[in-house]
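Read through the structure below, which is laid out as structure tokens, and then see the notes.
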Amino acid sequence: MTGEWDVLIAGGGNAALCAAIAARRAGRSVLVLEKAPKFYRGGNTRHTRNMRCAHDAATGTLTGPYTGEEFMQDLLRVTSGNTDEALARMMIDRSYDMLDWIQQQGVRFQPSLGGTLSLGRTNAFFLGGGRSMLNALYRTAEALGVETRYEHEITGVELDGPRFHAAQIRTPDGGTRIEARSLIAASGGFQADVDWLKQGWGKRAENFLIRGTPYNRGSLTRALIDSGVQQIGDATQCHAVAIDARAPKFDGGIIKRLDCVVFGIVVNKNATCFYDEGEDIWPKRYAIWGRLVADQPDQIAYILFDAPNLEKFMPSLYPPVQAARIPELAQELSLDPDQLGQTVEGFNAAVVGEIPFDHTELDGNRTEGLGIDKTNWAQRIETPPYYAYPVRPGITFTYLGTRVDDRARMVIANGKPADNMYAAGEIMAGNVLGQGYAAGIGMTIGAAFGRLAGEEAAAHVA
């Protein structure tokens, strides 16, 4: 690794590889540094399934059009307007040709999965999932001549005002220094650093589960901010979903996610409901449930449903807790049997509407008269056996990171763009996601800004 590289890229996931391929196709020398060992390369990309991109017509794997304006309205809805609209619209515009471009890099798509995802029109699903997608990008990058080093972590950066010169690297053999004409930070969030999470969430973070690898600890994010790059976001904003509470602390992945909220009710450890389970279509609301559970006592909740709904969604890796009667289910969950019985009975009595159940649309089946009503998909929980999944907050990635401009350049403390430093993916996701989430947007941010950063870095070197 002696000598000066044209483009130095920190990270080994979707954003990093899109940047590496774009820069290498422009003729630049590219070095990718991945903090994790090779088996764990790719961060959260390993656990993804799909990407949300704008398109004007159905394709072989997408069932209909999804215009840029509809995409933008969905983004504004889930973020409550907390987004840089100019950057968001630019990302959406660039997503139009991303499906073709990324297929040209070897990635393949398949028809949408079923269950409660409801994404057949809006999101393209990777054939073989995220790891297959990741491996395809690595094969293309390697064939183009991109160099990759594993277990190499950037711990410090050498800057001269707005200009990057070199990075300090921690390796299995000690430390080293690498010079480069440009830097692209695509190293993910800091979600695996629980102490950093606690700065925003307090002791609640001790009960959080991290869906990805233990290697996303934000060391480069800290180094950049400490060196004068502008921060965006705060430590409490993140992509957090409700996942099976029996999942491991790290790297449980997507197979521990639960998509069955719309089929029943969710109660906390006091056996009471705390939010409307039928607020909106699941892909637009699934990412609020991690934050909701984080606000409950001991950061634990339970999704309850009955026999007719058992096979209507993609299950967790772990089987649900099962019982013939609600009081027995309560005992299995260490909940108060009387209180859970009252909650279920009250819910059943409040259900109104006989419209055929359809989880893909707001069906209007609701409850009336409860302290917190379920506004869609309300069905009586009355057919044994009864089932429940215990859930905890599952943190996918954090939104605190580096501010960028419309050329993916990092913005430094004086508000001016850096000369030769760029960012893509989760490390700058807070520019687009001030809060909230909709399925597949993380991959869109990574691919669109990754490709842009690679092109801009290559042009700067030229």
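According to the numbering used here, the sequence shown is numbered sequentially starting from -17. Note that beta-carbon positions come from the ideal geometry of N, C-alpha and C, so glycine has one too.
CB contact flag (residue i, residue j, <7 Å)
i	j	result
ALA305	LEU299	no
LEU116	GLY260	no
GLY(-7)	SER169	yes
GLY376	ARG193	yes
LEU(-10)	LEU165	yes
ASN252	ALA283	no
TYR257	VAL223	no
ALA174	ARG199	yes
VAL373	VAL275	yes
ILE285	VAL248	yes
GLY416	ASN105	no
ASP388	MET72	yes
VAL139	SER209	yes
ASN446	ASP82	Given a span of -17 to 444 for the chain in the structure shown, any question on residue 446 remains unanswerable.
GLY432	THR61	no
Residue range of the alpha helix (DSSP H) that includes residue i
i	result
ARG391	First-last for ARG391: 391 to 393, but that is the beta strand (DSSP E), not the alpha helix (DSSP H).
PHE53	50 to 61
THR122	111 to 126
ARG204	201 to 208
ASP233	Here ASP233 belongs to no alpha helix (DSSP H), and DSSP marks it neither H nor E.
ARG76	67 to 77
ASN105	It is not in any alpha helix (DSSP H) - ASN105 instead sits in the beta strand (DSSP E) that spans 105 to 108.
THR426	423 to 443
MET80	80 to 86
LEU274	271 to 276
ARG7	-4 to 7
GLY328	319 to 332
VAL176	176 to 183
GLN313	308 to 314
Residue i versus residue j - alpha carbon distance
i	j	result
ARG362	ASN330	5 Å
ASP262	ASN358	8 Å
ASN131	ALA420	Note that residue 131 is Arg in the sequence shown, not Asn. Those two C-alpha atoms are separated by around 33 Å.
GLU161	THR43	43 Å
PRO265	ASP280	26 Å
THR203	ASP320	49 Å
PHE245	THR27	29 Å
ALA8	ALA70	25 Å
THR365	GLY346	22 Å
TYR368	PHE287	6 Å
THR158	ALA2	22 Å
ARG103	GLY436	29 Å
CYS0	THR426	11 Å
GLY234	ASP401	39 Å
ASP38	PRO47	5 Å
ARG273	ASN32	22 Å
SER316	ARG76	50 Å
Nearest-angstrom Cβ-Cβ length linking residue i and residue j, presumed shorter than 8 Å
i	j	result
GLY446	THR218	With the chain covering only -17 through 444, there is no way to say anything about residue 446.
VAL14	VAL128	6 Å
MET403	PHE108	In fact, because the Cβ distance is near 30 Å, the residues do not count as touching under 8 Å.
GLY383	ILE136	That pair is no contact at about 15 Å.
PHE53	ALA36	5 Å
SER206	ALA167	This sequence places Leu at residue 206; Ser is not what is there. Right, the Cβ-Cβ distance comes to about 6 Å (below 8 Å), so this counts as a contact.
ALA440	ALA4	7 Å
CYS242	TYR371	7 Å
ASN(-4)	ALA390	The pair is not a contact, with the Cβ atoms about 14 Å apart (cut-off 8 Å).
ARG163	GLU438	About 13 Å; that fails the 8 Å criterion.
GLU133	PRO19	6 Å
ALA118	GLN92	Not a contact, Cβ separation roughly 13 Å.
Environment of residue i [buried if 16+ CB atoms lie within 10 Å]
i	result
VAL393	buried
GLN85	exposed
GLN55	exposed
GLY351	exposed
ARG307	exposed
GLU188	exposed
ASP(-12)	buried
ASP226	buried
THR30	buried
GLU336	exposed
GLU16	buried
GLY96	exposed
VAL12	buried
PHE21	exposed
ASN448	Lying before the first or after the last residue shown, residue 448 is absent from the chain, which here runs from -17 to 444.
ASN100	Asn is not the amino acid found at residue 100; the sequence shown has Ser there. Buried is the call here.
VAL445	Missing from the structure shown is residue 445; the chain here goes from -17 to 444 and no further.
VAL211	buried
ALA40	exposed
Range covered by the beta strand (DSSP E) that runs through residue i
i	result
ASN131	This sequence places Arg at residue 131; Asn is not what is there. It spans 129 to 132 - the beta strand (DSSP E) in which ARG131 sits, taken as one unbroken run.
ASP401	399 to 405
LEU15	12 to 16
PHE379	368 to 380
Contact with chain B by residue i, beta-carbon distance below 7 Å
i	result
ASN252	The question asks about chain B, but that chain is absent: this structure has only one protein chain.
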